[in-house]
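Residues are numbered in my numbering as their position in the sequence shown, beginning at 1, plus a constant of 665.
Virtual Cβ for every residue (Gly too), placed ideally from N, Cα, C.
One structure below.
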Amino acid sequence: MASPAKKRKLNSSNSKQAALPSKGLEYFFSKQKQKGESKSVSPAHEEDKGKPEQEPPPQQLTDEEFARKLQAEWDEEARNGIAHDKPQTETERGSPASADIKAEPAQQPLQQPPEPTAIPTRAASGKTGNTLSLSSAAATEDLASSSIPLDESPLTFDTSKYLPQLQGSWSAEGGDASYALLTRCFVLVNGTTSRIKIVDTLVNSVRLLIEGDPSSLLPAVWLATNAISPPYISMELGLGGSAISKALKQVCGLDNRSLKAIYDKLGDPGDVAFEAKKKQSFTLRKPRPLTIKGMYQSLVKIAKNQGPGSGEVKQGLVDRLLQDARGGEESRYIVRTLCQHLRIGAVKTTMLIALSRAFLLSRPAGADFPTRDPKELAKLKKEELAEIWARGEEIVKASFARRPNYNDMVPVLLEIGITEELLVRCGLSLHIPLRPMLGSITRDLSEMLTKLQGRDFACEYKYDGQRAQVHCDAGGKVSIFSRHLELMTDKYPDLVALVPKIRGEGVESFIMEGEVVAVDRQTGELRNFQTLTNRARKDVEIGSITIDVCLFAFDLMYLNGEPLLDRAFRERRELLRSLFVEIPHHFTWVKSIDATSQDSEAVLEFFKSATDAKCEGIMVKILDNLPDLEYADGGGGGADAEVSLPDNPASPSKKPTNSKPKGRKGKSASEGPASEKKSKSRRKPLLATYEPDKRLDSWLKVKKDYHSSFDTLDLIPVAGWHGQGRKSKWWSPILLAVRNEETGSLEAVCKCMSGFTDAFYKANREFYDDDGEQGKNTHARKPGFVEYAGHPDVWFEPQEVWEVGFADITLSPTYTAAIGLASEERGLSLRFPRFLRKREDKGIDEASTSEFLAGLWRKQEAKTPTANKNDVAEEAFKEED
């Protein structure tokens, strides 16, 4: 039996029939109503007169019988040449949504529909019954979550006030927490730039799940952090924009032109989904509420589906998610999640803070770990409360840095809460990468020597390669991870084969860190990072390797089942060098020297030898723990400081003394002398321990790029203008942006039109080309995550990182970069920006941040008022720079 839709397509070619008026659902419903009101013939009389069109009152028919009868009428009228609109029916909930939704054949049993929630119904009787009905799309939005003030202070937020209503709503749909609660959290977080409000909203959301549905907490954390697995477990959604567009068209009844018009107007896929859902006036059933678990499980299914036919399965899952979305906001955040750009600012650090505070205030039913009374905490002074929060945050952050997997952490938190035991239960483990320790940036050797007054330190070559974390267990299994915790064991089978040969006597298991560098195997000459990038990344066979590598080891964090993180660097280095076997041009240790701040000439010679050997510069590491030694921190603050230089940009604790704008985190951008003195007395001493996921001054890096007359930034090209004159065929200038780690947005910092060659212009125009109907790597409208008020000719798809030099940093009323960190009203911009090179070794998540930009600005501002106080040596050093 052909469907009415197919008959309509055939009849459209007949001019006579095509001229007949089109009739939709209302036609059939009104026809049934007219029959019910005008005819009162009994079933027996109807049978005698042979009039099948007269039907018994609808309340005497089952839904299945009524649907079959309605389908028969449609078929009959289609045969008579009357074209009618076919209502879209939903597929059975247990299977993925069909790409083409069709009416079910008459011979198939229909599923019992859910209780109708909207009028008009298909029944004519005044009595109610389980009849199929239209449901208003707008009326399907969740009401239990929409009014909860999640952004209220956690110290006044009463979970018991809202849980009964929420749990009552959840129990009607199986008992699991609804995705609507998480959507409410996202809406509030996205609607504020206040870090306090963002954290408070996440804390209250987590508390409701801890007390109301603990089993939904883990998937909620994954969804809020825009991920479904840790980096070392590869689970990519593998969805293109076409799958989401197709789902929106099918679910919301849009055509290509309508969808493109919405996208051109809004730019952000999530905003497009919101608008498209608003245009979906009615559905044929009330969507079953999407749960947090259901959303997460669907994403996992999408990621795990691979191979032939997986595209159709993924498309069906995407369709189902958008069909089950209740209202525009759920649609918005479902699509943003599918695009893996949630844009709510709930980055890793924010979520860890929220978890630590939530578990200090709430616990699940049946747990007995201690919590704090919010009313008692509210009575404390601000400093006392901050200290309590900080203790919990430190435990959670340290645990996650050692084992960065919410699948391991959240269940333990639900069991024991915030205790020191968490550090043991979520400690170092083989084949699970720990987050690497990071080094602070120093502008030059002089600043480095000033920071480390009175300390013994090691200077090491900073090789131009790829940082690697090598794990090996007693059974000989080897895992290799990148600095971003991605598994790259398959990329280096030659290193895997090398590990058994470098283990010395008594070494069973270890976690080692080093730099993988491309080398000439015959001479040992180092090659640059670009050479290493030409090496294949997957399914590498040893026999097919054409680019040889050497592992230069520099740290040992775990040995024979014992963590070494709390040991001094001198001891860790001694174990590394004494227990492992060097194999020239295959495995060795980083070249290094030990020195003090008095050995400036030796350090300078070592730095020069590093740059001559094609290294990036040097790393400087404190050798011993000296907790009683005061940390001078540069800036001329130490008693013995010979050179007074501005603070490290990565450490914004020292502020200039000429202004007091407030930053986003509520910290003053400047402090007076008294405040500086107080801050110094509270500064923690520099220790030689290994601190995962921390950027400390106990590790300093001095790169040849910094040893110049200007700093550089790694910026993201986000837009361009048509050039003029000779450059009319190309993009010039180009808008560049820094990334805001807190909000996930890109903040415009400057326009750049210097440093480009004609060859670059041509290649860049080919890469960002909007001449065709579909722009290549471009957008007609500004993406929602880019912050800039101007109107470029084209918006780029952010995917590159460019290194840019500049003269200095200025306050700007035009650009949004670091606004609130340097000034409440103005952002920061660059004077005389100049393109240096593309950073092919970096992704956009490694571009310079607004915090780093603000740190450079503070250094610059601190340098100006103290210039006259510095001695001649410093002035000579500046000129030499």
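Check: Are the Cβ atoms of F1461 and H1444 separated by less than 9 Å?
Finding: In the sequence shown, the residue the question calls residue 1461 occupies position 796. In the sequence shown, the residue the question calls residue 1444 occupies position 779. The answer is yes: Cβ separation under 9 Å.
Notebook entry, point to check: Residues bridged to Q1131 by DSSP?
Noted result: Numbered from its first residue, the sequence shown carries residue 1131 at position 466. BP columns for Q1131 point to V1181.
Next item on the list: Tell me whether D984 is buried or exposed, calling it buried when 16 or more other Cβ atoms sit within 10 Å of its Cβ.
Entry: On the sequence shown, position 319 is the one that residue 984 refers to. Buried: at least 16 other Cβ atoms inside 10 Å.
Item checked: Simplified DSSP assignment, three categories, for E940 -> As a position in the sequence shown, residue 940 is number 275, starting the count at 1. Correct three-state label for E940: helix.
Margin query: Taking the alpha-carbon of F1122 as reference, which of L1288, Y827, E977, E1489 has the nearest alpha-carbon?
Written below: Looking up residue 1122 in the sequence shown gives position 457. Taking only the C-alpha atoms, the option nearest F1122 is L1288.
Checklist line | Counterpart residues of K1503 in DSSP-defined beta bridges | finding: Along the sequence shown, read from residue 1 onward, the residue named residue 1503 stands at position 838. Beta-bridge pairing links K1503 to W1467.
Checklist line | Proximal residues to V1161 (C-beta, below 8 Å), its chain only, five neighbours per side dropped | finding: The count along the sequence shown starts at 1 and reaches residue 1161 at position 496. Hits under 8 Å: V1143, I1145, T1154.
Checklist line | Between the CA atoms of W1364 and L1103 - distance to the nearest angstrom | finding: By 1-based counting over the sequence shown, the position of residue 1103 is 438. By 1-based counting over the sequence shown, the position of residue 1364 is 699. Looking at the two C-alpha atoms, the distance is approximately 7 Å.
Margin query: Quick check on this structure: which residue in A1023, M1016, V1205 has the alpha carbon closest to the alpha carbon of P879?
Written below: Residue numbering aside, residue 879 sits at position 214 when the sequence shown is read from its first letter. Checking every option, the nearest Cα to that of P879 belongs to A1023.
Margin query: Is it buried or exposed, E1178, if we count other Cβ atoms within 10 angstroms and call 16 or more buried?
Written below: For the purposes of this step, residue 1178 is taken as the residue at position 513 of the sequence shown. By the neighbour-count rule (16 or more Cβ atoms within 10 Å), E1178 is buried.
Checklist line | Pairwise C-alpha distance: K911 and L831 | finding: Position 166 of the sequence shown, counted from the first residue, corresponds to residue 831. Position 246 of the sequence shown, counted from the first residue, corresponds to residue 911. Roughly 33 Å between the two C-alpha positions.
Next item on the list: Report the rounded CA-to-CA distance for E1085 versus I1060, giving the unit in angstroms.
Entry: Locating residue 1085 in the sequence shown gives position 420, counting from the first residue. Locating residue 1060 in the sequence shown gives position 395, counting from the first residue. Those two C-alpha atoms are separated by around 7 Å.
Notebook entry, point to check: Can you tell me whether DSSP reads I1207 as helix, strand or coil?
Noted result: Looking up residue 1207 in the sequence shown gives position 542. Three-state DSSP puts I1207 in a helix.
Notebook entry, point to check: With 9 Å set as the bound, which would you pick, yes or no: does the beta-carbon of D1259 sit closer than that to a beta-carbon of chain B?
Noted result: Checking the listed chains, one finds no chain B in this structure; it contains a single protein chain.
Notebook entry, point to check: When the Cα atoms are used, what is the spatial distance from D1506 to P1158?
Noted result: Counted from its first residue, the sequence shown places residue 1506 at position 841. Counted from its first residue, the sequence shown places residue 1158 at position 493. Taking the straight line joining both Cα atoms gives about 21 Å.
Next item on the list: Decide if E1526 is buried, meaning its Cβ has at least 16 other Cβ atoms within 10 Å, or exposed.
Entry: The residue you call residue 1526 lines up with position 861 of the sequence shown. E1526 is buried by the Cβ-count criterion.
Next item on the list: Quick one: grab the DSSP three-state call for A1123.
Entry: For this step, residue 1123 is matched to residue 458 along the sequence shown. Strand at A1123.
Checklist line | Option in Q971, I861, E940 with minimal Cα separation from E901 | finding: Sequence index remark: in the sequence shown, residue 901 carries index 236 (1-based). Minimum Cα distance to E901 is reached at Q971.
Check: From which residue to which residue does the alpha helix (DSSP H) around M1074 run?
Finding: Position 409 of the sequence shown, counted from the start, is the residue given in the question as residue 1074. Where M1074 is concerned, the enclosing alpha helix (DSSP H) stretches over 1071-1081.
Notebook entry, point to check: With distances taken between CB atoms, is the gap from V1172 to G1141 smaller than 9 Å?
Noted result: Position 507 of the sequence shown, counting from 1, holds the residue named residue 1172. Position 476 of the sequence shown, counting from 1, holds the residue named residue 1141. Against a cut-off of 9 Å, the Cβ pair of G1141 and V1172 comes out as no contact.
Next item on the list: Could you check what DSSP says for A1527 in three-state terms: helix, strand or coil?
Entry: Within the sequence shown, numbered from 1, the residue matching residue 1527 stands at position 862. DSSP places A1527 in helix when its eight states are reduced to three.
Margin query: Please report the straight-line C-alpha distance between F1432 and I909, rounded to a whole angstrom.
Written below: If you number the sequence shown from 1, residue 1432 lands on position 767. If you number the sequence shown from 1, residue 909 lands on position 244. Roughly 24 Å separates the two Cα atoms.
Check: Going by the beta-carbon positions, is the gap between P1101 and R1120 smaller than 9 Å?
Finding: On the sequence shown, position 436 is the one that residue 1101 refers to. On the sequence shown, position 455 is the one that residue 1120 refers to. Cβ distance not < 9 Å, so P1101 and R1120 don't count as in contact.
Notebook entry, point to check: Taking C-beta to C-beta, are S843 and I957 nearer than 9 Å?
Noted result: Stepping through the sequence shown from its first residue, residue 843 is reached at position 178. Stepping through the sequence shown from its first residue, residue 957 is reached at position 292. A contact, by the Cβ cut-off of 9 Å.
Next item on the list: Below 8 Å on the Cβ atoms is my guess for W1386 versus P1292; work out the distance and round it to an integer in Å.
Entry: Along the sequence shown, one-based indexing puts residue 1386 at 721. Along the sequence shown, one-based indexing puts residue 1292 at 627. That belief does not hold up - the Cβ atoms of W1386 and P1292 are roughly 56 Å apart, past 8 Å.
Checklist line | Other residues of its chain near S894: CB distance less than 7 Å, five sequence neighbours each side excluded | finding: As a first step, residue 894 is located in the sequence shown; it is residue number 229 there, counting from the start. So the list reads M900, once near-sequence residues are dropped.
Next item on the list: Apply the 10 Å Cβ neighbour rule to K1116 and answer buried if 16 or more other Cβ atoms are within range, or exposed otherwise.
Entry: In the sequence shown, residue 1116 corresponds to position 451, counting from 1. Result: buried.
Item checked: Simplified DSSP assignment, three categories, for R953 -> Along the sequence shown, read from residue 1 onward, the residue named residue 953 stands at position 288. If DSSP states are grouped into helix, strand and coil, R953 belongs with coil.
Notebook entry, point to check: Under a Cβ-count criterion, where at least 16 other Cβ atoms within 10 Å of its own Cβ denotes burial, should K930 be classed as buried or exposed?
Noted result: For the purposes of this step, residue 930 is taken as the residue at position 265 of the sequence shown. By the neighbour-count rule (16 or more Cβ atoms within 10 Å), K930 is not buried but exposed.
Next item on the list: Report yes if the CB atom of F1217 is closer than 9 Å to the CB atom of T1188, and no otherwise.
Entry: Counted from its first residue, the sequence shown places residue 1217 at position 552. Counted from its first residue, the sequence shown places residue 1188 at position 523. Cβ atoms of F1217 and T1188: not closer than 9 Å.
Check: Are the Cβ atoms of R1404 and L1230 separated by less than 9 Å?
Finding: On the sequence shown, residue 1404 is found 739 positions in, with the first residue counted as 1. On the sequence shown, residue 1230 is found 565 positions in, with the first residue counted as 1. Contact flag unset, no.
Check: What are the start and end residues of each continuous beta strand (DSSP E) run of 3 or more residues lying completely inside the stretch 1139-1178, in chain order?
Finding: 1143-1147
Next item on the list: Would you please state the rounded distance, in angstroms, between the beta carbons of V1383 and V1451? I believe it to be under 8 Å.
Entry: Position 718 of the sequence shown, counting from 1, holds the residue named residue 1383. Position 786 of the sequence shown, counting from 1, holds the residue named residue 1451. Confirmed, about 5 Å.
Margin query: Taking only three categories from DSSP, how would you classify A968?
Written below: Looking up residue 968 in the sequence shown gives position 303. DSSP places A968 in helix when its eight states are reduced to three.
Next item on the list: Round the Cβ separation of L873 and L828 to the nearest angstrom and send it over; I've been treating them as touching at under 8 Å.
Entry: Position 208 of the sequence shown, counting from 1, holds the residue named residue 873. Position 163 of the sequence shown, counting from 1, holds the residue named residue 828. The pair is a contact, with the Cβ atoms about 7 Å apart (cut-off 8 Å).
Check: Between C1137, L1352, S1274, which lies nearest to R1235 when the distance is taken from Cα to Cα?
Finding: Mapped onto the sequence shown, residue 1235 falls at position 570. Nearest of C1137, L1352, S1274 to R1235, Cα basis: L1352.
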